[in-house]
Amino acid sequence: MPPRPHRTVERITRILEEVASARGGRTLADLARALDAPKSSVQGFVNGLIDAGYIEEQDRRYFIGPAIYMVATQANRLPVRAITHADLVALSDALGCSALLGVLVGRNLVYIDRAGGHPSLSYLIRTQPRRPTLRTAGGRVLVAGLDPDTLHEFLEREDDQELVESFLSDLEQIRTSGLSVAEHSISPNASAVATAIRGPGGNPVAALVLAGTSDTILPRLDELGARAKQEAAGWSRRVAE
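For the sequence shown, counting from 1, position 160 maps to 160 in full-length UniProt numbering; every step adds exactly one.
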């Protein structure tokens with residue numbers, strides 16, 4: 001049975017996601033709209049996060065605070081610091097599609113950086129940065145790299161058994177090829193191919209995702225898959241240093 005949602009935790013994580021996704025910061029009104037909650041209620045959460053150092057206030061706008069980076073670094077969850085936005089821009093420009101970097105956060109794939117691509121797809125990714133893991137190419141390639149016990153626990157908690165069965169039927173192919181393909185995933189006309197970026201010890205730490213309209217991605221799967229693996233291998237060496 002899937003875990004029951006916890007409203008307080010959901011609101012705190014949503015505030016952090018909203019603040020992190022806006023380079024110019026978010027106002028209290030922005031956060032209240034995003035959470036569909038009164039400003040007075042949101043202000044209480046915001047004040048607590050400021051006190052803890054997870055967000056900062058500048059000119060009545062909120063930004064990610066230093067505590068986020070400290071926690072991520074201590075947990076070794078930021079090996080992808082070695083991968084820059086410029087890396088994604090260069091790859092996107094060279095291939096003519098979106099290049100995205102995704103990490104597992106709980107039971108979702110979260111896109112932490114992106115570059116290029118079709119405007120409609122960029123909009124969807126920006127407004128849906130957190131995606132159900134098994135519905136994404138990036139999520140599937142990362143889950144495929146989990147150790148057996150963690151993989152079993154992850155799948156056991158998934159309430160959509162059709163997704164689980166589909167993933168299991170593709171698991172060996174994903175592991176053998178090092179690639180996962182998602183057709184018509186985030187929208188009916190969007191597809192993606194993904195591969196894992198590995199950290200010290202060879203464990204997957206992030207997914208490199210190449211995405212675009214289905215008519216520009218699916219006919220080029222061999223080319224895009226090979227390039228994704230080539231780039232990911234180089235980035236993995238950087239991450240491991």
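Ideal placement from N, C-alpha and C gives every residue a C-beta, glycine not left out. Quick caveat, the model's predicted, so the values are computed rather than measured.
### Task
Specify, as a first and last residue, the run of the alpha helix (DSSP H) that L151 falls within.
P148 to E156
### Task
Tell me F63's beta-bridge partners as DSSP assigns them.
E56
### Message
Does the structure place the stretch 118-137 close enough to the stretch 95-102 that three or more beta carbon pairs sit under 8 Å?
### Response
yes
### Query
Just curious, the alpha helix (DSSP H) that T13 is in, first and last residue?
Looking at the DSSP string, the run of the alpha helix (DSSP H) that includes T13 is R7 to S21.
### Query
Where do the ends of the beta strand (DSSP E) carrying R198 lie?
A190 to R198
### Query
Going by other Cβ atoms of all chains shown within 10 Å of its Cβ, with 16 needed for buried, is S180 buried or exposed?
By the neighbour-count rule (16 or more Cβ atoms within 10 Å), S180 is buried.
### Query
Out of curiosity, what's the CA-to-CA distance linking M1 and E158?
With a pLDDT of only 43 at M1, under the threshold of 50, the placement of this residue in the model should not be trusted, and no figure is reported.
### Query
For E223, does the count of other Cβ atoms within 10 angstroms reach 16, so buried, or fall short, so exposed?
exposed
### Query
Would you call the stretch 169-176 and the stretch 224-231 touching, i.e. three or more CB-CB distances under 8 Å?
Touching, no.
### Message
Run through the DSSP bridge pairs and tell me what Y111 is partnered with.
### Response
G102
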